[in-house]
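For the sequence shown, the numbering used here gives the first residue as 11, with consecutive numbering after it.
Where a beta carbon is used, it is the ideal one built from N, C-alpha and C, also for glycine.
None of the values given here were measured: they were computed from a predicted structure.
As structure tokens, the structure follows; a few thoughts come after it.
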Amino acid sequence: MTYRVSNFINGETTESRSERFGAIFNPATGQQQGQVVLSTAAECDEAIAMAARAFADWSQTPPLVRARVLFRFKELMEQHRDDLARLISREHGKVFSDAQGELTRGLEVVEFACGIPHLLKGEHSLNVGRGVDSYSMMQPVGVCAGITPFNFPAMVPLWMFPVAIACGNTFILKPSEKDPSLSLRMAELLKQAGLPDGVLNVVNGDKEVVDVLLTDSRVGAVSFVGSTPIAQYIYATASAHGKRVQALGGAKNHMLVMPDADLDQAVSALMGAAYGAAGERCMAISVAVVVGDETADALVAKLSPLVVQLRVGPGLGQTPENEMGPLISREHLAKVRDYVDQGVAEGALLRVDGRGVSHGEGYFIGGSLFDEVTPDMRIYREEIFGPVLAIVRAPDYETALKLINEHEYGNGTAIFTCDGDTARDFTARVQVGMVGVNVPIPVPMAFHSFGGWKRSIFGPLNMHGPDGVRFYTRMKTVTARWPRSLRAGTEFSMPTMK
Ligand code: NAD
11 MTYRVSNFIN GETTESRSER FGAIFNPATG QQQGQVVLST AAECDEAIAM AARAFADWSQ
71 TPPLVRARVL FRFKELMEQH RDDLARLISR EHGKVFSDAQ GELTRGLEVV EFACGIPHLL
131 KGEHSLNVGR GVDSYSMMQP VGVCAGITPF NFPAMVPLWM FPVAIACGNT FILKPSEKDP
191 SLSLRMAELL KQAGLPDGVL NVVNGDKEVV DVLLTDSRVG AVSFVGSTPI AQYIYATASA
251 HGKRVQALGG AKNHMLVMPD ADLDQAVSAL MGAAYGAAGE RCMAISVAVV VGDETADALV
311 AKLSPLVVQL RVGPGLGQTP ENEMGPLISR EHLAKVRDYV DQGVAEGALL RVDGRGVSHG
371 EGYFIGGSLF DEVTPDMRIY REEIFGPVLA IVRAPDYETA LKLINEHEYG NGTAIFTCDG
431 DTARDFTARV QVGMVGVNVP IPVPMAFHSF GGWKRSIFGP LNMHGPDGVR FYTRMKTVTA
491 RWPRSLRAGT EFSMPTMK
């Protein structure tokens, strides 16, 4: 054990008084490499007090000045880019180039947030009545909280706090206890960029501190990304305590492959989308619905050898770089292996078995490919969150579409086809929040918003982009008339503009 991750409160790394710690493992070796403090409710309470105090001045700081801090933060993140990517890889396990990609996607949200003076302009109407003007102000909510998952230790926090603080809020981040170092590092760099103390605080911990964030009356908004059962709990609890909530949950993303698709493109897209980051992405493709047996046979024939050949191993220090790193933990590895056992027991055809792949004590499993999966099977219904792809054969387009629409999750989906009419019909009728046409992982850019449908999200507003600004601001609408234009007499009926 070499290091301890503590908290960052009011501009300082603070030693915790808690006696509880979580272990941080290196997933590539299976060795414990550090520990993270599991803070007490009292420590979270202190962080909220600091954030509430900092709000008074930060909310009055001109948006342009707030944006300049974010510009400097982005420069610093770029300067330390390789170190940050290595840190992600050491705690999460993903390969170095994938960690760099995660940073890029996260920094795009910072770039978006740098445009905050423009984004907060609001609306203005001259002469809504004679001599009467109306305009809206977008004002910060107050203290906001973010609770984030292990699978994107940089990108998901970056979906939240840059937009929140650009809007004038202060923020408390509760990162995943499995890979918490990135959050602390980002808080330090923001301070170096000139962020005033107390504006961004990082409190490490588990349910004990999350429950404080969900119930404390000083917290105005809660953003969450993680698994569906916890997302639902976060939404129900924080809403019941009067907060606005956006809670993003799990996924089971389908790629629909039509008989007229360019099969080589579809196969190459499936390889990256199903097995990249060992399938531990909320936008990973975990089901390929293939229309027609002929197409399915051809797809499987091209896909199987590539899955067997996947280079699986540590995410750092290998040349050429591996294509797939380890899973996050020993428990998760056991769970994914169980799903493969379960699929075989349920009667699915295991074309490629990844269970034989290992690397020392690391949490590795190879890519697995199931064929002839049916909708009643658990490996179809449940989120596995590992490198396991299920092929479902459908007789026609309508059956395939119905399958996707009836699944409980609706995060992302994609269609591979050369027919514009089918693609157009699919984008209009599919019950999923993010849709790709010949694009396997349609993660919206930072200036659009990210979010699924159905049980992949709780709450009406998505992350970053225009929805992010709406979520982190309250709208106030002013209707103003100046004395010279005051009408004589009192009106007792509903005022209408003349
Ligand atoms: P998780 O739900 O276990 O944990 C997420 C966060 O919630 C962590 O910070 C954790 O400490 C906290 N938490 C866990 N249990 C809690 C409890 N009982 N009470 C309060 N807080 C609790 O998720 P994970 O395993 O870290 O991440 C993987 C999941 O996240 C997958 O289901 C994946 O699909 C999902 N995910 C979704 C998106 C999306 O955009 N929809 C993005 C990334 C990940």
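- [ ] May I ask whether a heavy atom of the ligand NAD can be found less than 7 Å away from the beta carbon of N36?
- [x] no
Open item on the list: In this structure, how does DSSP classify M196 when only helix, strand and coil are distinguished?
Closed with: helix
Open item on the list: Quick check: does the Cβ of Y407 come within less than 7 Å of any heavy atom belonging to the ligand NAD?
Closed with: no
- [ ] Would you kindly work out how many angstroms separate the C-alpha atoms of K412 and H458, rounded to a whole number?
- [x] 27 Å
Task: Cβ-Cβ separation, V222 to C54 (assumed contact under 8 Å), whole Å - done: 4 Å
- [ ] Return the bridge partner residues of A424 from the DSSP annotation.
- [x] M265 and G446
Open item on the list: Suppose the cutoff is 6 Å on Cβ atoms and the five residues either side in sequence are ignored; what does the same chain contact list for V142 look like?
Closed with: R491
Open item on the list: Checking the sheet assignment: what are the DSSP bridge partners for Y373?
Closed with: Note: Y373 sits in no beta bridge, so no partner.
Task: Beta-carbon proximity of I157 to I244, cut-off 8 Å - done: yes
TODO: Enumerate, from N- to C-terminal direction, the unbroken beta strand (DSSP E) stretches of 3 or more residues contained entirely within the segment 272-327.
DONE: 295-301
- [ ] Please list, in chain order, all residues of the same chain as I126 whose beta carbon is under 6 Å from its beta carbon, the five residues on each side excluded.
- [x] P73, A77 and A176
Open item on the list: DSSP three-state label for A33, please.
Closed with: strand
TODO: For S146, write down the residues that DSSP places opposite it in a beta bridge.
DONE: T487
Open item on the list: Comparing C-alpha positions only, which one of T180, S99, N332 and C124 sits nearest to A66?
Closed with: T180
Task: With 16 other Cβ atoms within 10 Å as the buried cut-off, status of D108 - done: buried
Task: DSSP bridge partner residues for D2 (one or two, in chain order) - done: Nothing can be reported for residue 2, as the shown portion of the chain is limited to 11 through 508.
Open item on the list: Let me check you understand the geometry: is the CB of S49 closer than 7 Å to at least one non-hydrogen atom of the ligand NAD?
Closed with: no
- [ ] May I ask you to check if the CB of D216 is nearer than 7 Å to at least one heavy atom of the ligand NAD?
- [x] yes
Open item on the list: With distance defined between alpha-carbon atoms, name the residue in G422, E29, Q275 and A308 nearest to D381.
Closed with: A308
Open item on the list: Below 7 Å, is the gap between the Cβ of C154 and the nearest heavy atom of the ligand NAD?
Closed with: no
- [ ] Please state if the CB of G215 and the CB of S237 are separated by a distance shorter than 8 Å.
- [x] no
Open item on the list: Between P397 and the ligand NAD, is there a pair consisting of the residue's CB and a ligand heavy atom that are separated by less than 7 Å?
Closed with: no
Task: Cα-Cα separation, A52 to S191 - done: 22 Å
Open item on the list: Considering only the alpha carbon of each residue, which of C154, V362, V267 and F468 lies closest to A433?
Closed with: V267
Open item on the list: Please list the terminal residues of the continuous alpha helix (DSSP H) segment that includes G475.
Closed with: G475 to F481
Open item on the list: Given 7 Å as the limit, tell me if K253 has its C-beta closer than that to any heavy atom belonging to the ligand SAH.
Closed with: You won't find the ligand SAH in this model; what it holds is the ligand NAD.
- [ ] Go ahead and label E187 buried or exposed: buried means 16 or more other beta carbons lie within 10 angstroms of its beta carbon, across all protein chains shown.
- [x] buried
Task: Beta-ladder partner(s) of K184, from DSSP - done: I157
Open item on the list: Quick check on the burial criterion: 16 or more other C-beta atoms within 10 angstroms. Buried or exposed for L48?
Closed with: buried
TODO: Report yes if the CB atom of P336 is closer than 8 Å to the CB atom of P37, and no otherwise.
DONE: yes
Task: Coil, strand or helix - H134 by DSSP - done: strand
Open item on the list: Quick check: is any heavy atom of the ligand NAD less than 7 Å from the C-beta of A250?
Closed with: no
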